[in-house]
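**Student:** Before I ask anything, here is the structure I am working with.
Numbering (the numbering used here), first residue to last: 10 to 369.
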């Protein structure tokens with residue numbers, strides 16, 4: 010009996026990434042005060058600071074960036090102490106102050122702005138407006154205008170698809186979009202159907218026309234996907250690029266937390282972080298000496314927290330959960346410290362810390 014010929018054609022060959030995920034997984038944690046008025050004077054400086062952090066993270070293949078959203082009332086109290094003691098405060102936002110409470114309430118929080126800018130820098134330009142639209146996340150209502158200067162900065166050249174056997178020729182990031190709502194006859198007129206399209210086979214890959222995927226099942230709209238351009242199908246980011254962040258993120262995975270304990274308890278790694286490293290930064294007037302052993306080697310899933318010890322102590326004391334019930338001092342949460350020059354700003358400490366950590 011003759012064998013039945015397969016109706017499915019063989020998939021076309023695609024580029025294979027030559028680089029792979031490093032054995033040591035790196036997570037960095039930065040406070041939202043990295044863009045406070047002490048550190049950044051206006052939106053242009055804020056954008057530049059976050060861009061510097063994003064470039065460093067991509068260069069050293071950081072798997073995750075955690076943004077700890079420091080409560081503003083805590084920050085304000087600390088700044089007031091500095092002012093009353095006669096020390097220098099580095100200025101305020103140059104945007105005109107508005108006493109209209111409604112407009113002030115609509116201003117995005119620092120943590121959300123830092124996290125959004127970090128995500129922006131690893132998002133293809135053609136997906137930005139969709140990914141950061143208010144209909145996907147109500148918190149993004151006032152985010153898009155904050156990308157004014159970010160759009161003008163050059164693309165980061167160390168993203169996963171770059172310098173990795175030209176995989177960008179065969180793979181591209183996309184977002185599933187709804188096809189046009191079908192027309193139906195109603196009272197002798199053609200009108201759009203009442204039901205909303207929730208699944209689709211069409212994907213926005215930045216071309217004039219959306220790409221129709223050759224897949225059996227339709228995918229929920231506004232899903233971020235990695236597309237095999239030759240075979241018009243969806244693949245995992247790991248298969249396409251070889252290097253990914255946690256949760257299969259394109260580049261690094263961005264996580265924002267408002268409670269200090271969640272830096273540790275909401276890790277995307279099932280077993281948690283294997284070691285925690287402290288880097289003292291943002292402490293412009295302190296001596297920067299912390300009684301912790303010096304970092305010697307990196308392996309496993311490393312969490313590097315870059316902040317001033319004073320800020321961490323305040324966050325630790327204000328944490329209302331019972332997670333740290335048996336811990337008396339925030340320093341007990343760290344295995345070691347990574348020494349850098351005193352008085353470094355957060356964004357500079359990120360690059361210095363990653364350089365020393367990776368080179369060890």
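A virtual CB, placed ideally from N, CA and C, is assigned to each residue, including glycine. Values in this document were obtained by computation on a predicted structure and should not be read as measured data.
#1: Can you check which of these residues, 230, 162, 73, is closest to residue 55 by C-alpha distance?
#2: Report, in whole angstroms, the separation of the C-beta atoms of residue 269 and residue 77, which I expect to be a contact under 8 Å.
#3: Quick one, are the C-beta atoms of residue 339 and residue 313 less than 8 Å apart?
#4: From which residue to which residue does the alpha helix (DSSP H) around residue 9 run?
#5: Pop quiz: residue 26 and residue 261 are said to be a contact at Cβ under 8 Å. What is the actual Cβ separation, rounded to whole angstroms?
#6: State yes or no: is the C-beta of residue 156 within less than 8 Å of the C-beta of residue 129?
#7: Do residue 320 and residue 42 count as a contact pair if the criterion is CB distance below 8 Å?
#8: Using a C-beta cutoff of 8 Å, does residue 63 count as contacting chain B?
#9: How far does the alpha helix (DSSP H) with residue 271 in it reach, from first residue to last?
#10: Which whole-angstrom value is the C-beta distance of residue 353 and residue 303, which I expect to be below 8 Å?
#11: For residue 213, count neighbouring Cβ atoms within 10 angstroms of its own Cβ and tell me buried if that reaches 16, exposed if not.
#12: Would you give the residue range spanned by the alpha helix (DSSP H) that residue 325 belongs to?
#13: Using a 10 Å radius around the Cβ and a threshold of 16 neighbouring Cβ atoms, would you call residue 280 buried or exposed?
#14: Please report the distance separating the alpha-carbon of residue 266 from that of residue 364.
#15: Skipping 5 residues on each side, what residues in its chain have a beta carbon closer than 6 Å to that of residue 153?
#16: Could you give the uninterrupted runs of the alpha helix (DSSP H) lying entirely in the stretch 133 to 216, keeping only those of 4 residues or more?
#17: Rounded to whole angstroms, what's the CA-CA distance from residue 6 to residue 290? Just pull it up for me.
#18: Per DSSP, what are the beta-bridge partners of residue 287 in this structure?
#19: Taking Cβ positions, are residue 283 and residue 311 nearer each other than 8 Å?
#20: Going by the beta-carbon positions, is the gap between residue 139 and residue 182 smaller than 8 Å?
#21: Once the 5 residues before and after residue 367 are set aside, which same chain residues still bring their CB inside 7 Å of it?
#22: Using the C-alpha atoms, what's the distance from residue 286 back to residue 136?
#23: Which of the three DSSP states, helix, strand or coil, is assigned to residue 226?
#24: Apply the 10 Å Cβ neighbour rule to residue 264 and answer buried if 16 or more other Cβ atoms are within range, or exposed otherwise.
#25: Quick check: what's the CA-CA separation for residue 60 versus residue 362?
**Tutor:** Considering the structure as presented:
#1: Here the question's residue 55 lines up with position 46 in the chain shown. Here the closest residue by C-alpha is 162.
#2: Residue 269 sits at position 260 when you count from the first residue of the chain shown. Residue 77 sits at position 68 when you count from the first residue of the chain shown. About 7 Å separates the beta carbon of residue 269 from that of residue 77, a gap short enough to meet the 8 Å contact definition.
#3: The count along the chain shown starts at 1 and reaches residue 339 at position 330. The count along the chain shown starts at 1 and reaches residue 313 at position 304. Contact: no.
#4: Residue coverage of the chain in this structure runs from 10 to 369, which leaves residue 9 outside it and unanswerable.
#5: In the chain shown, residue 26 corresponds to position 17, counting from 1. In the chain shown, residue 261 corresponds to position 252, counting from 1. Not quite, the Cβ-Cβ distance comes to about 17 Å (not below 8 Å), so this is no contact.
#6: Within the chain shown, numbered from 1, the residue matching residue 156 stands at position 147. Within the chain shown, numbered from 1, the residue matching residue 129 stands at position 120. In contact: residue 156 and residue 129 (Cβ atoms closer than 8 Å).
#7: By one-based count along the chain shown, residue 42 stands at place 33. By one-based count along the chain shown, residue 320 stands at place 311. With a cutoff of 8 Å on beta-carbon distance, residue 42 and residue 320 are scored as near each other.
#8: Any reference to chain B falls outside this structure, which holds one protein chain only.
#9: For the purposes of this step, residue 271 is identified with residue 262 of the chain shown, where counting begins at 1. In this chain, the alpha helix (DSSP H) harbouring residue 271 covers 271 to 274.
#10: For the purposes of this step, residue 353 is identified with residue 344 of the chain shown, where counting begins at 1. For the purposes of this step, residue 303 is identified with residue 294 of the chain shown, where counting begins at 1. Not confirmed; about 17 Å, so no contact.
#11: Walking along the chain shown from the start, residue 213 turns up at place 204. Buried, by the Cβ-count rule.
#12: Sequence index remark: in the chain shown, residue 325 carries index 316 (1-based). It spans 318 to 327 - the alpha helix (DSSP H) in which residue 325 sits, taken as one unbroken run.
#13: In the chain shown, the residue the question calls residue 280 occupies position 271. That one is exposed.
#14: Position 257 of the chain shown, counted from the start, is the residue given in the question as residue 266. Position 355 of the chain shown, counted from the start, is the residue given in the question as residue 364. Per the coordinates, the alpha-carbon of residue 266 lies some 25 Å from the alpha-carbon of residue 364.
#15: On the chain shown, position 144 is the one that residue 153 refers to. Taken in chain order, the residues that qualify are 141.
#16: Complete alpha helix (DSSP H) runs here, min 4: 134 to 140.
#17: Nothing about residue 6 can be reported from this structure: the residues present for the chain run from 10 to 369 only.
#18: As a working mapping, residue 287 is identified with position 278 in the chain shown. For residue 287, which the question treats as bridged, DSSP gives the partners 314, 346.
#19: Working through the chain shown from its first residue, we reach residue 283 at position 274. Working through the chain shown from its first residue, we reach residue 311 at position 302. Cβ atoms of residue 283 and residue 311: closer than 8 Å.
#20: Position 130 of the chain shown, counted from the first residue, corresponds to residue 139. Position 173 of the chain shown, counted from the first residue, corresponds to residue 182. Residue 182 is positioned such that its CB atom lies no closer than 8 Å to that of residue 139.
#21: Position 358 of the chain shown, counted from the start, is the residue given in the question as residue 367. Same-chain partners within the cutoff: 69.
#22: Residue 136 sits at position 127 when you count from the first residue of the chain shown. Residue 286 sits at position 277 when you count from the first residue of the chain shown. In a straight line, the C-alpha of residue 136 is about 35 Å away from that of residue 286.
#23: Taking the chain shown and counting its residues from 1, one reaches residue 226 at position 217. Annotated three-state conformation of residue 226 is coil, per DSSP.
#24: As a first step, residue 264 is located in the chain shown; it is residue number 255 there, counting from the start. Per the 10 Å Cβ criterion, buried.
#25: Counting from 1 along the chain shown, the entry for residue 60 is found at position 51. Counting from 1 along the chain shown, the entry for residue 362 is found at position 353. About 17 Å.
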